[in-house]
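Residue numbers (UniProt numbering): 1 to 247. Glycine included, each C-beta is placed from N, C-alpha and C at the ideal position.
1) For residue 145, which option in 197, 184, 54 and 232 has the closest C-alpha, if you only look at C-alpha atoms?
2) Compute the Euclidean distance between the alpha carbons of residue 188 and residue 1, then round it to the nearest angstrom.
3) With a threshold of 16 other CB atoms inside 10 Å of the CB of residue 166, please say whether the residue is buried or exposed.
4) Do you know whose CA, among 35, 130, 68 and 137, lies nearest residue 197's CA?
5) What does the alpha-carbon distance come out to for the pair residue 229 and residue 236?
6) Could you have a look at residue 122 and say whether DSSP puts it in helix, strand or coil?
7) Using the C-alpha atoms, what's the distance from residue 44 back to residue 72?
8) Below 8 Å between beta carbons: does that hold for residue 51 and residue 106?
9) Is residue 171 closer than 8 Å to residue 142 when the C-beta atoms are compared?
10) Among 147, 181, 178 and 125, which has the Cα closest to the Cα of residue 158?
11) For residue 15, which of 87, 147 and 61 has the nearest alpha-carbon?
12) For the segment 48–64 and the segment 97–112, state whether three or more C-beta atom pairs, one from each stretch, are separated by less than 8 Å.
13) Check residue 203 in the structure and name its three-state DSSP category.
14) I need the straight-line Cα distance from residue 56 to residue 26, nearest angstrom please.
15) CA-CA distance, residue 5 and residue 59?
16) Okay, do the segment 85–97 and the segment 33–40 touch, 3+ Cβ pairs below 8 Å being the bar?
17) List, from N- to C-terminal side, the beta strand (DSSP E) runs of 3 residues or more that fit wholly inside the segment 53–122.
18) Considering only the beta carbon of each residue, do residue 100 and residue 205 sit closer than 8 Å?
19) Report the rounded CA-to-CA distance for residue 180 versus residue 151, giving the unit in angstroms.
20) Just the C-alpha distance for residue 66 and residue 74, rounded to the nearest angstrom, thanks.
21) With DSSP collapsed to three states, give me the class of residue 161.
22) Where in the segment 124–193 do unbroken runs of the alpha helix (DSSP H), each at least 4 residues long, occur, reported from the N-terminal end onward?
23) In angstroms, rounded to a whole number, what distance separates the CA positions of residue 61 and residue 23?
24) To the nearest angstrom, how far is it from the Cα of residue 216 to the Cα of residue 64?
25) Between residue 209 and residue 123, is the Cβ-Cβ spacing less than 8 Å?
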């Protein structure tokens, strides 16, 4: 079911990376879920999924998107301004949520994200659940350029607020940035650099790992974790690794 939403504000992080805040009726959702946005183009509905960046209970919806030059929808979304209308699904969906993690495995939560896949983790971290449930939280955020680090101020504020509980590890692959790695997340995982920077070991008994991002990162990181003895988290067989492809 589609409902009409109204853009109330936007942020342009770069020439192609942007956030939209939309006011629209939406059923209650769980942090980490996604909605679909759509437009009717040439009498055909074009719809794409976008994770919600805002936490549950907000009076707006927020999505983070990147314009794909040959894309059918994203260039048109980037043209939207406050007051413009956009159709939104009336309910959110998806299983990249904390309630899908087993309650009895892992006291440390690792979150690995690339690019716009940071969105669901921003939503989760704005709720009480991860802070109440886990002893340590580690967010690894990989991008190509420093300007691509959307929501960095909010994440650094969490790091300052919870210095003993929350570790923020940045990776910027195509330029040198003070305090950030300059390698892909799987490389830092394989070398042990992520564990060194977090001062925390990954293990089948103590770790839950949520991975959200591009398929190459997801596949490589997951394989490395499997080799370390961690297992995929399935409803029929609870484990350590939860993944969501971002395109």
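To lay it out plainly:
1) 184
2) 42 Å
3) Residue 166 should be labelled buried.
4) 137
5) 18 Å
6) helix
7) The straight-line gap separating the alpha-carbon atoms of residue 72 and residue 44 is approximately 11 Å.
8) no
9) yes
10) 125
11) Selected option, being the one with the closest Cα: 147.
12) Taking 8 Å as the limit for Cβ pairs, the verdict is that the segment 97–112 does not touch the segment 48–64.
13) coil
14) 10 Å
15) 12 Å
16) yes
17) 61–66, 85–89 and 108–114
18) Not a contact, by the Cβ cut-off of 8 Å.
19) 16 Å
20) 7 Å
21) helix
22) 129–133, 152–161 and 185–191
23) 6 Å
24) For residue 216 and residue 64, the distance between alpha carbons rounds to 20 Å.
25) no
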